[in-house]
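*Asks:*
2 protein chains.
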Amino acid sequence: LGNNVSSLTLDDEDTFKILIATDIHLGFLEKDAIRGDDTFTTLEEILQCARTNQVDFILLGGDLFHENKPSRRCLHSCISMLRKYCMGGTPIVFDIVSDQTVNFGTSKFPWVNYQDENLNISIPVFSVHGNHDDPTGSEGLCALDLLSTCGLVNHFGRSLSVEKIEISPVLMQKGTTKLALYGLGSIPDERLYRMFVNKQVTMLRPKEEEEQWFNLFTIHQNRSKHGATNYIPEQFLDEFIDLVVWGHEHECLITPTRNEQQLFYVTQPGSSVATSLSPGEAAKKHIGLLRVKGRKMNLQKIPLNTVRQFFIQDVVLADHQDLFTAGTPQVTKKVEDFCQAKVVEMLDQAERERLGCPLTPEKPLIRIRVDYSGGFEAFNTSRFSQKFVDRVANPKDVIHFLRRRENKEAVKDEIDIDYSRLVRTTALEGLRVEDLVKQYFEAAEQKVQLSLLTESGMGKAIQEFVDKDEKEAIEELISYQLEKTQRHLQGRGVTTEQDIDAEALDRARALRLDRGEAPQDPMEELGDAHMDSDEGVTPPPAPTRGRGSRGRGGRGRGRGELP
Amino acid sequence: LGNNVSSLTLDDEDTFKILIATDIHLGFLEKDAIRGDDTFTTLEEILQCARTNQVDFILLGGDLFHENKPSRRCLHSCISMLRKYCMGGTPIVFDIVSDQTVNFGTSKFPWVNYQDENLNISIPVFSVHGNHDDPTGSEGLCALDLLSTCGLVNHFGRSLSVEKIEISPVLMQKGTTKLALYGLGSIPDERLYRMFVNKQVTMLRPKEEEEQWFNLFTIHQNRSKHGATNYIPEQFLDEFIDLVVWGHEHECLITPTRNEQQLFYVTQPGSSVATSLSPGEAAKKHIGLLRVKGRKMNLQKIPLNTVRQFFIQDVVLADHQDLFTAGTPQVTKKVEDFCQAKVVEMLDQAERERLGCPLTPEKPLIRIRVDYSGGFEAFNTSRFSQKFVDRVANPKDVIHFLRRRENKEAVKDEIDIDYSRLVRTTALEGLRVEDLVKQYFEAAEQKVQLSLLTESGMGKAIQEFVDKDEKEAIEELISYQLEKTQRHLQGRGVTTEQDIDAEALDRARALRLDRGEAPQDPMEELGDAHMDSDEGVTPPPAPTRGRGSRGRGGRGRGRGELP
Numbered sequence: 074l075g076n077n078v079s080s081l082t083l084d085d086e087d088t089f090k091i092l093i094a095t096d097i098h099l100g101f102l103e104k105d106a107i108r109g110d111d112t113f114t115t116l117e118e119i120l121q122c123a124r125t126n127q128v129d130f131i132l133l134g135g136d137l138f139h140e141n142k143p144s145r146r147c148l149h150s151c152i153s154m155l156r157k158y159c160m161g162g163t164p165i166v167f168d169i170v171s172d173q174t175v176n177f178g179t180s181k182f183p184w185v186n187y188q189d190e191n192l193n194i195s196i197p198v199f200s201v202h203g204n205h206d207d208p209t210g211s212e213g214l215c216a217l218d219l220l221s222t223c224g225l226v227n228h229f230g231r232s233l234s235v236e237k238i239e240i241s242p243v244l245m246q247k248g249t250t251k252l253a254l255y256g257l258g259s260i261p262d263e264r265l266y267r268m269f270v271n272k273q274v275t276m277l278r279p280k281e282e283e284e285q286w287f288n289l290f291t292i293h294q295n296r297s298k299h300g301a302t303n304y305i306p307e308q309f310l311d312e313f314i315d316l317v318v319w320g321h322e323h324e325c326l327i328t329p330t331r332n333e334q335q336l337f338y339v340t341q342p343g344s345s346v347a348t349s350l351s352p353g354e355a356a357k358k359h360i361g362l363l364r365v366k367g368r369k370m371n372l373q374k375i376p377l378n379t380v381r382q383f384f385i386q387d388v389v390l391a392d393h394q395d396l397f398t399a400g401t402p403q404v405t406k407k408v409e410d411f412c413q414a415k416v417v418e419m420l421d422q423a424e425r426e427r428l429g430c431p432l433t434p435e436k437p438l439i440r441i442r443v444d445y446s447g448g449f450e451a452f453n454t455s456r457f458s459q460k461f462v463d464r465v466a467n468p469k470d471v472i473h474f475l476r477r478r479e480n481k482e483a484v485k486d487e488i489d490i491d492y493s494r495l496v497r498t499t500a501l502e503g504l505r506v507e508d509l510v511k512q513y514f515e516a517a518e519q520k521v522q523l524s525l526l527t528e529s530g531m532g533k534a535i536q537e538f539v540d541k542d543e544k545e546a547i548e549e550l551i552s553y554q555l556e557k558t559q560r561h562l563q564g565r566g567v568t569t570e571q572d573i574d575a576e577a578l579d580r581a582r583a584l585r586l587d588r589g590e591a592p593q594d595p596m597e598e599l600g601d602a603h604m605d606s607d608e609g610v611t612p613p614p615a616p617t618r619g620r621g622s623r624g625r626g627g628r629g630r631g632r633g634e635l636p
Numbered sequence: 074l075g076n077n078v079s080s081l082t083l084d085d086e087d088t089f090k091i092l093i094a095t096d097i098h099l100g101f102l103e104k105d106a107i108r109g110d111d112t113f114t115t116l117e118e119i120l121q122c123a124r125t126n127q128v129d130f131i132l133l134g135g136d137l138f139h140e141n142k143p144s145r146r147c148l149h150s151c152i153s154m155l156r157k158y159c160m161g162g163t164p165i166v167f168d169i170v171s172d173q174t175v176n177f178g179t180s181k182f183p184w185v186n187y188q189d190e191n192l193n194i195s196i197p198v199f200s201v202h203g204n205h206d207d208p209t210g211s212e213g214l215c216a217l218d219l220l221s222t223c224g225l226v227n228h229f230g231r232s233l234s235v236e237k238i239e240i241s242p243v244l245m246q247k248g249t250t251k252l253a254l255y256g257l258g259s260i261p262d263e264r265l266y267r268m269f270v271n272k273q274v275t276m277l278r279p280k281e282e283e284e285q286w287f288n289l290f291t292i293h294q295n296r297s298k299h300g301a302t303n304y305i306p307e308q309f310l311d312e313f314i315d316l317v318v319w320g321h322e323h324e325c326l327i328t329p330t331r332n333e334q335q336l337f338y339v340t341q342p343g344s345s346v347a348t349s350l351s352p353g354e355a356a357k358k359h360i361g362l363l364r365v366k367g368r369k370m371n372l373q374k375i376p377l378n379t380v381r382q383f384f385i386q387d388v389v390l391a392d393h394q395d396l397f398t399a400g401t402p403q404v405t406k407k408v409e410d411f412c413q414a415k416v417v418e419m420l421d422q423a424e425r426e427r428l429g430c431p432l433t434p435e436k437p438l439i440r441i442r443v444d445y446s447g448g449f450e451a452f453n454t455s456r457f458s459q460k461f462v463d464r465v466a467n468p469k470d471v472i473h474f475l476r477r478r479e480n481k482e483a484v485k486d487e488i489d490i491d492y493s494r495l496v497r498t499t500a501l502e503g504l505r506v507e508d509l510v511k512q513y514f515e516a517a518e519q520k521v522q523l524s525l526l527t528e529s530g531m532g533k534a535i536q537e538f539v540d541k542d543e544k545e546a547i548e549e550l551i552s553y554q555l556e557k558t559q560r561h562l563q564g565r566g567v568t569t570e571q572d573i574d575a576e577a578l579d580r581a582r583a584l585r586l587d588r589g590e591a592p593q594d595p596m597e598e599l600g601d602a603h604m605d606s607d608e609g610v611t612p613p614p615a616p617t618r619g620r621g622s623r624g625r626g627g628r629g630r631g632r633g634e635l636p
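Note that the protein sequences, when read in sequence, are chains A and B.
According to the working numbering, the first sequence holds residues 74 to 636 in order.
According to the working numbering, the second sequence holds residues 74 to 636 in order.
(1) On the DSSP bridge list, what partners appear for Gln386/A?
(2) Do Pro279/B and Pro242/B have their C-beta atoms within less than 9 Å of each other?
(3) Measuring from the CB of Ile305/B, is there a heavy atom of the ligand SAM at a distance below 8 Å?
(4) Cα-Cα, which of Leu233/B, Glu409/B and Val417/B is closest to Arg456/B?
(5) Would you kindly report the start and end of the unbroken alpha helix (DSSP H) that includes Gly256/A?
(6) Taking the alpha carbon of Asp129/A as the reference point, which residue from Ile91/A, Met276/A and Ile240/A has its own alpha carbon closest?
(7) Could you tell me whether the stretch 392-412 of chain B touches the stretch 121-138 of chain B, where touching means 3 or more Cβ pairs closer than 8 Å?
(8) Roughly how many angstroms separate the alpha carbons of Trp286/A and His205/A, rounded to a whole number?
(9) Does the beta carbon of Leu148/A come closer than 9 Å to any beta carbon on chain B?
(10) Scan the stretch 228-305 of chain B and note each continuous beta strand (DSSP E) run of 3 residues or more that stays entirely inside, going in chain order.
(11) What residue from Gly447/B, Leu362/B and Gln382/B has the CA that sits closest to Pro431/B's CA?
(12) What residues of chain B sit near Ile152/A, judged by a beta carbon separation below 8 Å?
(13) Using a cut-off of 8 Å between C-beta atoms, extract the partners of Glu117/B located in chain A.
(14) Closer than 6 Å by C-beta to Pro468/A: which residues in its own chain qualify, once you throw out the five before and the five after it? Chain order, please.
(15) How about Leu192/A: is its C-beta nearer than 9 Å to some C-beta of chain B?
(16) Decide if Ile93/A is buried, meaning its Cβ has at least 16 other Cβ atoms within 10 Å, or exposed.
(17) Along the chain, where does the alpha helix (DSSP H) that runs through His323/B open and close?
(18) Taking 6 Å as the limit between beta carbons, can you name the residues of its chain near Ser180/A, skipping five residues before and five after?
(19) Nearest-angstrom Cα distance between Phe313/B and Lys366/B?
(20) Should the stretch 318-326 of chain A be called in touch with the stretch 348-355 of chain A, which here means at least 3 C-beta pairs below 8 Å?
(21) Quick check: the Cα distance between Ile240/B and Phe290/B, rounded to an integer number of angstroms?
(22) Given that a residue counts as buried once 16 or more other Cβ atoms are within 10 Å of its Cβ, and exposed if not, what is Gln394/A?
(23) So with Cβ pairs under 9 Å, would you call Ala106/A a contact of chain B?
(24) For Leu214/A, would you say it is in contact with chain B, using Cβ-to-Cβ distances shorter than 9 Å as the test?
(25) Hey, which unbroken runs of the alpha helix (DSSP H) at 4 residues or more fall wholly within the stretch 136-197 of chain A?
(26) Return the bridge partner residues of Val317/B from the DSSP annotation.
(27) Is it the case that the Cβ atoms of Gln335/B and Trp319/B are separated by a distance below 9 Å?
(28) Give the DSSP bridge partners of Phe474/A, in chain order.
(29) Comparing the C-beta of Lys469/B with each C-beta of chain A, is any distance below 9 Å?
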């Protein structure tokens, strides 16, 4: 199965050319005066790139939209760009040989857009939905469905059943190459994990010429371990797959890595916009040009030029005993000056790297995470921000103070909550909702500070679901809250009770779980803390704290460069 | 100019066939368990009708959508139906000879959809926007723009300037027939009135063969007089026009009436759904099939079969001295029984009329307006509603109590507010916003009970605009509030201070004026009261109070049947 041949660059009538991108998050911060156009500009770059490279189709891994209900401007721009770039007279030279009413069965027009006799499509887009733009409401519609109803996107990989998932591939043929495109739109990780464990997830394969198909699978789930069952281990995926396009994770790790156990490759294109100021987002953003010929593939990294630069550094004050001593006169001022110098340094680096890149926005994103444990005091960040208001895209949140070390020590013993117990119980179908909730609170009392769950937040949210008998939603909410609580106890963030309650309620109401991508979420900054303790599954390298530049060029090594 | 020839039914290569409809209000009450699908069903009927009749195009007079930001379901259904009915292989046999970049200049794709080489359109839809789906936000986009960007609707008649309006026609030619289609999307009436008066509205005409064009104008404004300058008198419209399609007014008065002064005809198709339980909405709903050949036209009324029946009756208790005497024992019970008998009678009538109409929904809308002035007491309407919960589509608001007579007497002397003064002042460009507000309050103090304008409502709303220096918005708000206040003083409704304030604030925030169509608006019931005092402009007949049936068949005579 040697299917990664790097010299496969010849474009011939047997070679599929596929543009791969994910997590475009169109509309993210669209009202921001500086960053408001970023996502739109980058979508346009991606579509232009598809056209320039004359790809056969575009494959998106979910979260095309940042908001579940995109604004009018956002929808309008998206439709407008898709019409501009993906419609036209260029003939499409591959066939679909599977049953399209199965592939696109959830659409009102259950066939691929380029075969619709009323539409002239030059570049078909295939997309699964992400957790941001997932189906909601009684009709189970998502923003992508508006695009598919317009005939501009082929929304696939949607499972209507919660009992079992059967993933039926879109079977494509170009010349002699046979491509089976599998997709699975975002599902709450806990639920999907359980379904995999219970063997409720099946992938269908063509009976004929089974070995001749190149099997491409698109998924939008947690890839890094956010708790025991709160991600999808690569090992869960069928080993007949050749390449997995993994959406949802924002770090660009696009060079395919081989899973030695399953013998398939995984590419993680990453988002095309930084929706949080965490280290993963600081990696240079790319999309991919995938070529498939027979069972061989080649993935060409294409850097995105319109993406705003993002530089992040960690500063641990206690590590700089030569410079700062807590409690001494003027130490806070010294720290501020130190940070200011860092920002200037990063801005200079940004400017140097931007030379010759006219498409890159002028103001970079800058973040310094200051660990001030050890008796240090925080300086006034709003005054600090003022100094960079004309040079930085995010002047208001350049500095992020945290006390990582101390708290980490303090709660070490409490973090081993038994997740598996909750999952096991809730998996029982016969259980009454009330029992579920009761069990949860019993578990919570033993393990968790109940004070986190005030009447106005978690409790109320749960009650909403009890009233509506929505077992699944409760379960998700509880898992989510448990995980958050655990993180809170780990004490690595600045989360308050109020934050958690408000969020729990919001999330409960939206009936969705959306982990760790909200831009203003203070928990956001903990993303990499989890990665620290990741095991298996080819984790991204752990960030090294307080060692100077960790910007674009500053990372130790990208996952894509692992052997 | 004898241009109304009723025998023009021959469909030949020189005859334009145009389906005319307006105020479809897609999504109105879409969450209602009984009525939720009504607007969708009727849009489908209209589109089917267009296809069956093989029309050249569909002309919509605005308010295709009920909500400025339609729900996903609503957008999805609309796109889906338009794609289903308006795309296809049928060739379009008329040409557009005007400059399309002018006609559709506000679109990202400034050309008619059926000439786009990437779209196969079988029935082009042309639409102006209404006050419900008007452009908002910094991009000035409206829901219709999503459809035009998809290529499913040709949004025209949009003026970007607030200084002057130049209406440039879409010039169409089919065989020897030349059709000039003018359109003007909804603009706050006061503003448009003023612009007409100030000669800021111009209609452009083709230089060549001026007399050969049939001039069709679509407008979405108040046609009935809602105050001195709060409507558009037909006399304002150019006399070279042949036919005006008047949107916004919900009563179906589709048979063209001749304006003897201007020598043009006006057709008022009316809404295809009752968005308020007022008499105008009880007239049978129609759409029109307009044929134009040379300068001759014929408009064929097509009844809509999917529209829910609506029956309304007025009961004035004081008029029934034979039956009821206020204050006597059991009189309230007697009144209730009387009303109950009325409802049963109306339900029976509804059932009879529905015979042979399988598409008409089973449960009709029923409304009895009970004028209980003269010392009578209201009975318990929720208990009353219970009796009809299975037979009526609107069980919760069948009965509407009002005290019309008494209040009318009481405030008779106060209703002559000098509107013209306000209009004149606000028209001055140089005036400062603060002066405007000050002037308003001075005027208000003299004429109006200031208690209506509490800190939390009108005042706050105005302050918002003062802060933002939005002169126009203030002016509209003030005019609107003045008018409301006047109506309040007329005392014909049950409006409370709170109603007015909350509404004022909402409207102010939305930066739009949207008069008198909100379904739950208590002011709604006053619509016909205004008509009572209408003068000129071929007003609809004044309702006769308390004279038994005023349902579908019960109206004295439709405006369309006036000589």
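Even glycine gets a Cβ: it sits at the ideal position worked out from N, Cα and C.
*Replies:* In this structure, then:
(1) Your numbering for residue 386/A matches position 313 in the first sequence. Gln386/A is bridged to Ile441/A.
(2) Taking the second sequence and counting its residues from 1, the one referred to as residue 279/B is at position 206. Taking the second sequence and counting its residues from 1, the one referred to as residue 242/B is at position 169. Contact flag set, yes.
(3) Ligands are entirely absent from the displayed structure, and the ligand SAM is therefore not among its contents.
(4) Translated into positions along the second sequence, residue 456/B becomes position 383. Closest option to Arg456/B, Cα to Cα, is Glu409/B.
(5) The sequence position of residue 256/A within the first sequence is 183, counting from 1. Segment Thr250 to Leu257 is the beta strand (DSSP E) holding Gly256/A; no alpha helix (DSSP H) there.
(6) In the first sequence, counting from the first residue as 1, residue 129/A sits at position 56. Selected option, being the one with the closest Cα: Ile91/A.
(7) no
(8) As a position in the first sequence, residue 286/A is number 213, starting the count at 1. As a position in the first sequence, residue 205/A is number 132, starting the count at 1. If you take the alpha carbons of Trp286/A and His205/A, they lie about 31 Å apart.
(9) Sequence index remark: in the first sequence, residue 148/A carries index 75 (1-based). Judged by the 9 Å Cβ criterion, Leu148/A is in contact with chain B.
(10) 238-240, 243-247, 250-257, 274-276 and 286-293
(11) Counting from 1 along the second sequence, the entry for residue 431/B is found at position 358. Checked all of Gly447/B, Leu362/B and Gln382/B; the closest Cα to Pro431/B is Gln382/B.
(12) Numbered from its first residue, the first sequence carries residue 152/A at position 79. Within chain B, the residues near Ile152/A are Leu219, Thr222 and Cys223.
(13) Within the second sequence, the letter at position 44 stands for residue 117/B. None at all; the shortest Cβ gap to chain A is about 13 Å.
(14) Numbered from its first residue, the first sequence carries residue 468/A at position 395. Within the same chain, Pro468/A has close Cβ partners Ser458, Phe461 and Val462.
(15) Taking the first sequence and counting its residues from 1, the one referred to as residue 192/A is at position 119. Yes, because at least one Cβ of chain B sits closer than 9 Å to the Cβ of Leu192/A.
(16) The residue labelled residue 93/A in the question sits at position 20 within the first sequence. Burial call: buried.
(17) Here residue 323/B is taken as the residue at index 250 of the second sequence, counted from 1. Element bounds for His323/B: n/a, residue is neither H nor E.
(18) Within the first sequence, residue 180/A is the residue found at index 107, counting from 1. Excluding residues within five positions, the ones whose Cβ falls inside 6 Å are Ser221.
(19) Working through the second sequence from its first residue, we reach residue 313/B at position 240. Working through the second sequence from its first residue, we reach residue 366/B at position 293. Using only the alpha carbons, I get a separation of about 17 Å.
(20) yes
(21) For the purposes of this step, residue 240/B is taken as the residue at position 167 of the second sequence. For the purposes of this step, residue 290/B is taken as the residue at position 217 of the second sequence. Each residue's Cα considered, the two are about 10 Å apart.
(22) Numbered from its first residue, the first sequence carries residue 394/A at position 321. Classification of Gln394/A: exposed, given that the 10 Å Cβ count is below 16.
(23) Counting from one through the first sequence, the residue named residue 106/A turns up at place 33. No, no contact with chain B.
(24) Here the question's residue 214/A lines up with position 141 in the first sequence. Closer than 9 Å to some Cβ of chain B, the Cβ of Leu214/A qualifies, so yes.
(25) 145-159 and 173-176
(26) In the second sequence, the residue the question calls residue 317/B occupies position 244. Its beta-bridge partners are Phe290/B and Val339/B.
(27) Within the second sequence, residue 335/B is the residue found at index 262, counting from 1. Within the second sequence, residue 319/B is the residue found at index 246, counting from 1. Going by C-beta atoms, Gln335/B is not nearer than 9 Å to Trp319/B.
(28) Residue mapping note: residue 474/A aligns to position 401 of the first sequence, counting from 1. DSSP output for Phe474/A lists Val443/A as bridge partner(s).
(29) Taking the first residue of the second sequence as 1, we reach residue 469/B at position 396. No, because no Cβ of chain A sits closer than 9 Å to the Cβ of Lys469/B.
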